[in-house]
Amino acid sequence: MTTTADSWEYPAHRKFDNVVPLSEVDPEDKAAVLRSRALAVRESWIKAMEGRIVQKELKKCFRAEGVNHYENCRHLVDLYMTSLKEKRVEGWKKIEKTESA
């Protein structure tokens with residue numbers, strides 16, 4: 004008899020084409036610019052979701068550790084604080100400005 008953990012499979016993930024970054028795209032090729040913008044925004048959202056995962060793990064650690072959470076969850080706090088600074092969702096206009104500068 005198989006358990007649910009043994010029979011479980013990862014869901015099918017959507018595959019995206021390899022796209023050139025905004026800094027390397029020809030501005031005259033509008034389709035390539037739009038694909039590059041979509042890639043930049045998608046990557047920004049992925050980073051933001053990684054930050055949310057760290058936040059959930061930090062909450063779990065706080066609840067599980069109780070009074071010792073200051074010592075035992077410090078690595079998650081440091082990771083969460085860096086993700087707050089670095090992993091923000093940025094729109095394509097801001098990304099386009101930073102890559103072209």
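Heads up: the sequence shown runs through residues 4 to 104, numbered per this note's numbering.
Backbone N, C-alpha and C fix where the C-beta goes; we use that ideal spot for every residue, glycine too.
State buried or exposed for Thr5, treating a residue as buried only when at least 16 other CB atoms are found within 10 Å of its CB.
-> Residue placement at Thr5 is flagged as unreliable, the pLDDT there being 48, under the threshold of 50; the coordinate-derived value follows with that caveat. Counting every other CB atom within 10 Å of its CB across the protein chains shown gives Thr5 a total below 16, marking it as exposed.
Reference Met84, options Pro30, Arg66, Asn71, Arg55, closest by Cα = Among Pro30, Arg66, Asn71, Arg55, the Cα nearest to that of Met84 is on Arg55.
Apart from the five residues on each side of it in sequence, which residues of its chain come closer than 8 Å, Cβ to Cβ, to Phe65?
-> In its chain, beyond the 5 residues on either side, His72, Cys76 have a beta carbon closer than 8 Å to the beta carbon of Phe65.
Expected contact under 8 Å - CB spacing of Arg17 and Ala51 to nearest Å | Cβ-Cβ separation between Arg17 and Ala51: approximately 18 Å, too far for a contact (criterion under 8 Å).
Nearest CA to the CA of Glu27: which residue from Glu46, Asp20, Ala34, Ser39?
-> Among Glu46, Asp20, Ala34, Ser39, the Cα nearest to that of Glu27 belongs to Ser39.
Around the C-beta of Val57, are 16 or more other C-beta atoms found within 10 angstroms, so that it is buried, or is it exposed?
-> That one is buried.
Would you say Leu61 reaches chain B, if we count a Cβ-Cβ gap shorter than 7 Å as a contact?
-> Among the protein chains of the structure shown there is no chain B, as only one such chain exists.
From which residue to which residue does the alpha helix (DSSP H) around Val22 run?
-> Under the DSSP assignment, Val22 falls outside any alpha helix (DSSP H); it carries neither an H nor an E label.
So is Ala34 buried or exposed if we call it buried at 16+ other beta carbons inside 10 Å?
-> With fewer than 16 other Cβ atoms within 10 Å, it is exposed.
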